[in-house]
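Numbering follows this note's numbering, in which position 317 of the sequence shown is assigned residue number 375; successive positions increment by one, without gaps.
We put the CB at the ideal spot given by N, CA and C, even for glycine.
Following: one structure in structure tokens, then a few remarks.
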Amino acid sequence: MKKTDERYEAYLNILKKELVPAFGCTEPIAVAYAAACVRCLLGGAPERLLVEASGNIIKNVKSVIVPNTGGMKGIEAAAAAGVLSGKEEKKLEVLEELTEADQKSLHAYLAQTPITVRQAPGDLTFDLIVTGYRDGHEGRVRIAGAHTNIVLKELDGKVLLKKEVGSCYTSESEQEHSDGPALTIEGIVDFAETVEPEDVRDTLERQIACNTAISAEGLRGDYGANVGRVLLATYGNDVKVRARAAAAAGSDARMNGCELPVVINSGSGNQGLTASLPVIEYAKETGADRETLYRALVISNLTAVHLKEGIGRLSAYCGAVTAGAGAGAGIAGLLGGGLDEINHTIVNTLANVSGIICDGAKASCAAKIATSVEAGILGYYMYKNGQEFRGGDGIVKKGVERTIENVARLGRDGMRETDKEILEMMIGDAGQAGE
């Protein structure tokens, strides 16, 4: 692909927009970001807060630790932390600078500030409205479609900012990418093979540094169920194990309070870890140079984005699966595979683990990541051994793009009712989500 091809700049921009750092699980961070924006509107900490969140946000905030809060969980804690941080300009790193003194203030603020949480009206899968009240004034911020996509700012009923929300099931990623050339696996591989390393160096070096650091911390510390450490202790130090353990350990740490940033993919830190760390581990094993690693990471990251964009940011379909398929594709490219190997690796992976559900952000995400990465690796080695799943095998269609379309339909449309049932199981009556 030549640099003059319109796809070149479009694919490069997708990488830059998707691979950004986030501090903590992105759903509670989105709540904190919105609350910080409300504080800015009101000129100080609200005396009362109302948080209206779609079911998927409630699901993903329920069981995960909000960073820099001393181990607190839940929407109330995330909103209060965002208010106290007052760093709305930092977006997904809004809580990074909270201190121990702030943590003490957080407890006091929660004790004296009524915070009401309820499910947002409508069918948006990602919808967050935070309303604050202070000194007789009312400020409101709405984020929809993706974690930093502010579509409304109001102060005392006066609209300061308003954007079209778009389709209920369209992500910000889809909206942005729809204006340019569409991602395809063939285009991704072409771009990865020809991109100038300098054009992706900064973006990918940040991903390598951040995600490797939190993975190492996950293997050192005691986080959640320690899935990464269990894998190594049980199955040994083979690269196929290390690839799974590295990604799982990053999630172990991230889901359970580690205060290190992650470079995300498709709005998710877990997906960012899954798409990158297995490829990095294989590069260490093979002694691949930096340029080869960059090209493999381009494949893994853009494949993960492509597979997820048709599903949407949040769904009952586990995003680790799409990222695991991306990792498998990246490993295939790193080991010398071309378009054919990559296509079949993706299809073999999706045929295997597309039934994994998302039941919120929590410790077990690490195990789902390990399973998805294993499926990605198996998908590659199956094809290398002359084996593959063929069109007509379940949801598999002839051609990688047709299979991807089926998976998007499954995650976006087929699992809507599943999503509702999962939420009901997790929190009971949706109308009592704040209790």
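Under the DSSP assignment, Y340 falls in the alpha helix (DSSP H) whose first and last residues are G327 to T344. For Q177, the uninterrupted beta strand (DSSP E) segment begins and ends at I173 to Q177. In the structure shown, L219 falls within a strand segment according to DSSP collapsed to helix, strand and coil. For I427, the uninterrupted alpha helix (DSSP H) segment begins and ends at C423 to K442. According to the DSSP assignment, L397 belongs to the alpha helix (DSSP H) that extends over L397 to V411. With fewer than 16 other Cβ atoms from the protein chains shown falling within 10 Å of its own Cβ, V217 counts as exposed. Excluding five sequence positions before and after L372, the CB atoms of its chain that fall closer than 6 Å to its own CB belong to N114, T183 and F184, given in chain order. Residue range H195 to A202 is occupied by the beta strand (DSSP E) that includes R200. Relative to the Cα of I404, the nearest Cα in the group K420, S163 and E446 belongs to E446. Distance from the CA atom of T270 to the CA atom of K60, rounded to whole angstroms, is 32 Å. The beta carbons of I246 and V458 sit no closer together than 8 Å. E110 is the residue among A425, E110, D347 and A305 whose C-alpha sits nearest the C-alpha of D181. In this structure, K366 places its C-beta atom within 8 Å of the C-beta atom of S324.
Within 10 angstroms of the beta-carbon of L360 lie 16 or more other beta-carbons, which makes it buried.
Every alpha helix (DSSP H) stretch that sits fully inside the region 99 to 146 and reaches 4 residues is listed by chain position as 113 to 119 and 133 to 143. Closest in alpha carbon position to R312, among A409, S326, A354 and L481, is S326. Of the candidates K211, G194 and E196, K211 places its Cα closest to the Cα of A202. Between G388 and I414, the C-beta gap is not smaller than 8 Å, which leaves the two residues out of contact. Taking the C-beta atoms as reference points, E339 is found nearer than 8 Å to A304.
E146 and A137 have their alpha carbons spaced roughly 12 Å apart. Annotation: K420 is outside any beta strand (DSSP E) and is labelled neither H nor E by DSSP. The C-beta of L219 has fewer than 16 other C-beta atoms within 10 Å across all chains shown, which makes the residue exposed. For V119, the closest alpha carbon among the candidates G294, L108 and A90 is that of A90.
Judged by their CB atoms, V223 and A92 are not nearer to each other than the 8 Å cut-off. Taking 8 Å as the cut-off, the Cβ atoms of A409 and G384 do not count as close. For D185, the enclosing beta strand (DSSP E) starts and ends at D185 to R192.
Looking at the DSSP output, N323 shares a beta bridge with S326. DSSP places I453 outside both helix and strand once states are collapsed to three, so it counts as coil.
By the 16-neighbour rule on beta-carbons within 10 angstroms, P179 is exposed.
Counting along the chain, no beta strand (DSSP E) covers I485; the unbroken alpha helix (DSSP H) around it starts and ends at R474 to I485. Taking C-beta atoms as the reference points, L100 and I173 fail to come closer than 8 Å. With 16 or more neighbouring CB atoms inside 10 Å of its own CB, N314 falls in the buried class. For L436, the closest C-alpha among the options L241, R470, L318 and R302 is that of R302. When C-alpha distances from R97 are compared across N126, R192 and P79, the shortest belongs to R192.
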